[in-house]
Amino acid sequence: MTGRTIARWIAAFVVVATGLLATATFAAGGESQGALVHVADTRHLTGFNLYFANLYNVDRMLFTAMAVGLTGLMGLSLGMLMDVIVGAIGLDLGKREARE
Numbered sequence: 146m147t148g149r150t151i152a153r154w155i156a157a158f159v160v161v162a163t164g165l166l167a168t169a170t171f172a173a174g175g176e177s178q179g180a181l182v183h184v185a186d187t188r189h190l191t192g193f194n195l196y197f198a199n200l201y202n203v204d205r206m207l208f209t210a211m212a213v214g215l216t217g218l219m220g221l222s223l224g225m226l227m228d229v230i231v232g233a234i235g236l237d238l239g240k241r242e243a244r245e
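Residues in the sequence shown are numbered consecutively from 146, following our numbering.
Given below as structure tokens:
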């Protein structure tokens, strides 16, 4: 592709993106709504579920950090468990040579 063709593609993309944004902006119309508030319902929760729901309601950044950390720990533990299971059935994936 030549420089001129790339410039045309970029110009077409900008025109389409601008049109989509303008359409979405003006199509909403109607009355202005108030701010949307996200809150977890904690009325029927107990234990860990109540703790994480309250954490979500009070401190979203700490909730996010804990969710990311727990996801990583769960992935690590499942990976290690599968390594043990695969080793128990006789497959040793550590001895494989990488062929390129």
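All residues carry an ideal CB built from backbone N, CA and C; glycine is no exception.
Beta-carbon proximity check, residue i vs residue j, cutoff 8 Å
{"i": "Phe-208", "j": "Leu-195", "result": "no"}
{"i": "Leu-185", "j": "Ala-198", "result": "For clarity, residue 185 is Ala in the given sequence; the question names Leu instead. Yes."}
{"i": "Leu-238", "j": "Val-229", "result": "no"}
Through-space distance from residue j to residue i, alpha-carbon basis
{"i": "Thr-147", "j": "Leu-223", "result": "50 Å"}
{"i": "Leu-236", "j": "Met-227", "result": "11 Å"}
{"i": "Tyr-215", "j": "Arg-188", "result": "The sequence given here has Leu at residue 215, not Tyr. Roughly 24 Å separates the two Cα atoms."}
{"i": "Phe-193", "j": "Ala-180", "result": "29 Å"}
{"i": "Ile-90", "j": "Met-225", "result": "In the structure as shown, the chain begins at 146 and stops at 245. Residue 90 is therefore absent and cannot be evaluated."}
{"i": "Leu-190", "j": "Asp-204", "result": "18 Å"}
{"i": "Ala-156", "j": "Gly-220", "result": "44 Å"}
{"i": "His-183", "j": "Met-206", "result": "14 Å"}
{"i": "Thr-168", "j": "Ala-152", "result": "24 Å"}
Contact test: residue i Cβ vs the ligand FMN heavy atom, cutoff 7 Å
{"i": "Asn-202", "result": "No copy of the ligand FMN occurs in the structure displayed, which carries no ligand at all."}
Tell me the start and end of each unbroken alpha helix (DSSP H) in the region 196 to 227 that is at least 4 residues and wholly inside, in chain order. Qualifying alpha helix (DSSP H) stretches: none in this window.
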